[in-house]
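Scroll down for the structure; my scribbles are underneath it.
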Ligand SMILES: [Fe+2]
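In my numbering, the protein residues as written are 77 to 239.
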């Protein structure tokens, strides 16, 4: 974990997590953190926080939701196929909490409430990405599943530059 609890560097080198998938996680995290910081800054400066809240919620409901949905469709299904039902159940709880935090950010009555939920979401997101890279993908690899093949061509898992 780095300065902000960032997912660890690497990915290309550990022979487990496809490098492009790791870089996409890092990219999502940094875009998310920048939008959360903008919300916190607006709230603490007493400025209008609505543009920052909108930008954060739009990003979450766009790129982040696309990513989570594909994980469920591709990685969770493969993990179920490998008999990892308890692991999938635990990861589904994380996704449900992420979705509920997005609703909280969107519906919060005050900027402070929105900012607090945004902070919680960023921390949960980082932990969720780390679980995927350090627990889920190694479990799939261990079951003989080639994750690179599973996610090949999926921009929402690899980012726009790689397929
Ligand atoms: Fe992911």
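A virtual CB, placed ideally from N, CA and C, is assigned to each residue, including glycine.
Here the structure is a predicted model, which is why all the values come from computation and not from measurement.
{"Item": "Can you tell me which residues fall inside 6 Å of ligand 1, judged by beta-carbon distance to its nearest heavy atom, and keep chain order?", "Value": "101, 143, 147, 205 and 208"}
{"Item": "Rounded to the nearest angstrom, how far is the Cβ of residue 115 from that of residue 136, given a contact under 8 Å?", "Value": "About 12 Å separates the two Cβ atoms, so there is no contact after all."}
{"Item": "Assuming residue 201 and residue 174 make a contact with CB atoms under 8 Å, what is their CB distance in whole Å?", "Value": "7 Å"}
{"Item": "How many angstroms separate the CA atom of residue 147 from the CA atom of residue 233?", "Value": "8 Å"}
{"Item": "Determine, using beta carbons only, whether residue 225 and residue 213 come nearer to each other than 8 Å.", "Value": "no"}
{"Item": "Looking only at its own chain, which residues have a Cβ that is under 7 Å from the Cβ of residue 235, when we skip the five neighbours before and after it?", "Value": "96, 99, 100 and 103"}
{"Item": "Grab the span of the alpha helix (DSSP H) containing residue 99 for me, first residue to last.", "Value": "95 to 120"}
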